[in-house]
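Some notes on the structure that comes next.
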Amino acid sequence: MAGFVFITLAMSLNHVQAHCAPETAKVISRAVSLNGPTITRSILSWQHNTVCSIRTAKVGRYWYCFLFSVIISFPVTAQNTSAPGRRSDQLLWFRYHLELPLNKQWQLEQEVEERAYIYPWSHAEFRMRSHLVRTLGKGWKADAGFMVVWELNPVEPYREAGSPRIELRPHQQISYAHDAGEHFSFLHTYKLEERFFQQENREGEYKNAGIAFERMRYRYELEIAWHITNSLDLKIADEIVLQTGPEVGPNPFDRNEAGAGFTLKLSEAFAFSTFYRYRYNPQGYGEVVVHQHIGQFILTHIINKK
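In the working numbering, the protein residues as written are 1 to 306.
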């Protein structure tokens with residue numbers, strides 16, 4: 001799976017080779033073929049020894065990259081299987097992300113996202129998230145906020161009927177960003193989430209039964225960005241999620257998520273991102289493993305107060 005995540009990086013390799021020294025191109029080629037942890041070491045080693053000068057081009061020259069990322073965001077075929085203990089889902093996520101800078105140190109952010117299954121087409125969940133971001137300096141940021149999730153239970157595409165359920169999810173987060181040469185940057189994100197779920201009543205419905213704490217979730221994500229031009233970034237990411245709590249079995253592993261995609265800056269106020277994401281998600285006590293293939297589309301709106 002790690003090799004597939006870097007397919008978009010390999011696609012643009014020819015353009016890099018045209019403007020780099022041969023020894024630099026070889027290092028990049030080798031990094032693309034390696035697994036996740038090794039690519040980080042390869043890039044860092046490369047930027048300490050030589051810096052590749054990539055010509056600045058108009059965004060129009062990279063539209064093929066953007067279109068390719070849109071294509072890979074759509075699962076090609078339905079992969080649902082009846083094999084016991086295994087399920088494969090295909091989803092689309094649509095997000096609107098609003099950023100409101102308050103001053104040089106504080107920023108308010110709001111996210112609204114709809115998630116839907118493709119096969120068959122059905123609603124999965126709707127979520128709203130509000131959070132306040134504090135810039136600490138030297139690449140560090142602190143973040144705290146709250147999310148409300150409306151989902152249909154059971155959480156699976158081939159359900160006969162679903163019962164709406166609400167989740168309340170406060171979170172605290174700290175992140176660190178740093179550069180690796182002129183064209184690469186790294187973002188490390190550490191997040192803690194407290195998850196409260198609506199409870200079932202005697203009729204098996206999520207009504208008039210209150211909300212109770214069920215689990216804590218611990219998340220770490222590494223994102224590597226390649227700044228192709230001032231307006232176009234290629235990003236790859238991997239996230240590990242652990243959990244504890246009264247409703248969690250003996251295995252604390254929640255899921256692993258990897259992905260790749262592009263972010264295109266449309267103007268000073270708008271940016272559009274598209275990603276392919278893969279999730280490996282054991283459920284229950286590990287008797288069922290869900291493989292999710294996700295196409296995500298994000299419209300970022302930055303309100304500039306100047």
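Yeah, the Cβ is synthetic: ideal placement off N, Cα and C, and Gly gets one too.
None of these values were measured; they are calculated from a predicted model.
| task | Could you tell me if Arg165 is buried or exposed, where buried requires 16 or more neighbouring beta carbons within 10 angstroms of its beta carbon? | result | buried
| field | Lys191 in three-state terms, based on DSSP | value | strand
| Taking 6 Å as the cut-off, does the CB of Ser267 come closer than this to any heavy atom belonging to the ligand MN? | Ligands are entirely absent from the displayed structure, and the ligand MN is therefore not among its contents.
| query | Got a sec? Which residues, its chain only, sit under 6 Å from Thr189 by beta carbon, not counting five neighbours each side? | reply | Ser175, Glu221
| How long is the line joining the alpha carbons of Ile142 and Met128, rounded to whole angstroms? | Note that residue 142 is Ala in the sequence shown here, rather than Ile. Taking the straight line joining both Cα atoms gives about 20 Å.
| said: Need the endpoints of the beta strand (DSSP E) that Asn256 sits in, please. | reply: 253 to 265
| field | Proximity to Gly245 [Cα-Cα], best of Ile224, Arg215, Ile236 | value | Arg215
| task | Check each candidate in Arg169, Ile240, Ser267 and name the one with the smallest Cα separation from Glu257. | result | Ile240
| Whose C-alpha, out of Asn103, Leu100, Glu109, Arg115, is nearest the C-alpha of Leu91? | Arg115
| field | Of the listed residues Glu247, Val133, Ser185, Tyr119, nearest to Ile228 (C-alpha basis) | value | Ser185
| Per DSSP, cross-strand counterpart(s) of Ala142 | Arg134, Ile174
| task | Tell me whether Leu102 sits in a helix, a strand or coil according to DSSP, three-state version. | result | coil
| message | I need the straight-line Cα distance from Leu100 to Leu132, nearest angstrom please. | response | 10 Å
| query | When you compare only the Cα positions, how much space is there between Ala225 and Gly259? | reply | 12 Å
| query | In three-state terms, what does DSSP make of Arg169? | reply | strand
| task | Use the C-beta contact count for Thr271: other C-beta atoms within 10 angstroms, 16 or more gives buried, fewer gives exposed. | result | The displayed chain sequence assigns Ala, not Thr, to residue 271. So Ala271 ends up on the buried side.
| query | Across which residues does DSSP place Ala269 in a beta bridge pair? | reply | Paired residue(s): none; Ala269 is not in a bridge.
| said: Can you look up Glu200 in the DSSP assignment and give me helix, strand or coil? | reply: coil
| By Cβ distance, which residues of its chain are closer than 7 Å to Gln105, with the 5 residues on each side in sequence left out? | Arg134, Thr135
| field | Val382 versus Ser130, Gly249, Arg159, residue with shortest Cα-Cα distance | value | What is shown of the chain runs 1 to 306, which leaves residue 382 out entirely.
| field | Glu200 vs Arg169 beta-carbon contact at 7 Å | value | no
| task | Answer with buried or exposed for Phe262, where buried requires no fewer than 16 other C-beta atoms within 10 angstroms of its C-beta. | result | buried
| message | Is the beta carbon of Gly139 closer than 7 Å to that of His178? | response | yes
| In terms of alpha-carbon separation, which member of Phe213, Leu187, Lys191, Gly249 lies closest to Ala237? | Leu187
| said: Please return the same chain residues whose Cβ sits closer than 8 Å to the Cβ of Gly249, not counting the five positions on each side in sequence. | reply: Gly284, Tyr285, Gly286
| field | Extent of the continuous beta strand (DSSP E) run through Glu214 | value | 211 to 227
| message | Using a 10 Å radius around the Cβ and a threshold of 16 neighbouring Cβ atoms, would you call Arg277 buried or exposed? | response | buried
| said: Comparing C-alpha positions only, which one of Phe196, Glu223, Ala161, Lys207 sits nearest to Phe213? | reply: Phe196
| Buried or exposed: where does Arg87 fall if 16 or more other Cβ atoms within 10 Å of its Cβ makes it buried? | buried
| query | Under a three-way DSSP split, which group does Lys207 fall into? | reply | coil
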